[in-house]
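One structure is given below, encoded as C-alpha cells.
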Amino acid sequence: MIKKLKNKKLNKSPVLKETFSNRQESIVWENNTNRSLQQWDETKESQKEKEMKNNLEIELRKREEQVKIEKQKVFLSEIKKESLKEEESFSKRAEIDEKIRNKKRKEIKKRDIEYRNRNYG
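With positions in the sequence shown counted from 1, the corresponding number in the numbering used here is that position plus 7.
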C-alpha cells in the first residue's frame, strides 16, 4: 500500500509530469524533424529527377537537330554530285555539238569551194 501511495504521489508530482511532457515533446520534435528531413529528401530527389528528365530532353533535342543537320548535309552533297554530273554531261554535249558544228561548217565550206571551182573551172 505504501508503494501504491508513493507511486500515486510520484505520478502526481510536477517534476515527473514535466519530464514526461518533455519526453513527449522531444519525441514529437524528433518525429517532426524526421518528417521534415524525409520531405526534404523527397523534394531533393524529385528535383534531381526533374533535372535529369530535362537534361535528357535537351540531349534528345540536340541529337535530333544533329541528325536533321546531317540529313541536310547528305542531301546537299547528293544534289551537288548530281549537279556536277549534269554539268559534266552538259559540257560534254556542248563539246560534241561544237565538234559536229565545226565538221558541218568544214563540209559546207568544202562543198562551196567545190561548187565554185566547178562554176569557174
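Note that beta-carbon positions come from the ideal geometry of N, C-alpha and C, so glycine has one too.
Residue 78 and residue 113 have their C-alpha atoms spaced approximately 52 Å apart. The C-alpha of residue 105 lies about 16 Å from the C-alpha of residue 94.
For the pair residue 124 and residue 115, the Cα-to-Cα distance works out to about 14 Å.
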